[in-house]
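Enquirer: The structure's right below; bear with me while I get my questions together.
Put into structure tokens, the structure is as follows:
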């Protein structure tokens, strides 16, 4: 019986650690105008690696984008990413995010909340959000993976938050 309690306790601890680690920004993809050759993109890669919270950078010259891996438990400043692209000599374009968290109401609006690093993305009203709300109607406590495009807004209308996340796809986790 004592062994059973130890095994059960260990499994509960492992589950808590795994589920807590899942809530985070997984990847940031930024469109970059002006990428012409791999050698030229080296300066951009150096600038992006300097952004706090960024663990890895892959430049896709043929696609005109950079994929950034975010360090576990870290958040990122999207303005700093845009500034790094400019310092690298290029023009930043659209930003996409892949993140895992929970959908909650924040200031009267639905938001993807990542409590581990105090990140909140307001969610844009669209068909994907309606489908997500339907999927979560029976279990509000479920985590969700969301991939989508960031839409920069006037931060005065969003309680200081300058981005809205437009859901392009989602998947329930847990």
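In our numbering, the protein residues as written are 2 to 175.
Quick reminder that beta carbons are idealized off the backbone N, C-alpha and C, glycines included.
This structure is a prediction, so every number in the text was calculated from the model and none was measured.
In the region 52-100, which residue ranges form an unbroken beta strand (DSSP E) of at least 3 residues, counting only runs that do not cross its ends?
Expert: Whole beta strand (DSSP E) segments, 3+ residues: 55-61 and 66-71.
Enquirer: Identify which residue in 43, 27, 40 and 92 has its Cα closest to the Cα of residue 69.
Expert: Looking at the Cα atoms, 27 is the closest of the given residues.
Enquirer: How would you label residue 92, buried or exposed, when you count the other beta carbons within 10 angstroms and need 16 or more for buried?
Expert: Classification of residue 92: exposed, given that the 10 Å Cβ count is below 16.
Enquirer: Rounding to the nearest angstrom, what Cα-Cα distance links residue 59 and residue 80 in this structure?
Expert: Distance between the alpha carbons of residue 59 and residue 80: 19 Å.
Enquirer: With a threshold of 7 Å on Cβ separation, who are the neighbours of residue 95 within its own chain once the five nearest residues in sequence on each side are excluded?
Expert: Answer for residue 95: 32 and 150, listed in chain order.
Enquirer: Between residue 22 and residue 88, what straight-line distance do the alpha-carbon atoms span, to the nearest angstrom?
Expert: The predicted model places residue 22 with a pLDDT of 41, which falls under 50 and marks its position as unreliable; any figure quoted below should be read in that light. Their backbone Cα atoms lie some 32 Å apart in a straight line.
Enquirer: Keeping to the same chain, check which residues put their C-beta closer than 7 Å to that of residue 1; ignore five residues upstream and five downstream.
Expert: The requested residue 1 does not occur in the structure, where the chain is confined to residues 2 to 175.
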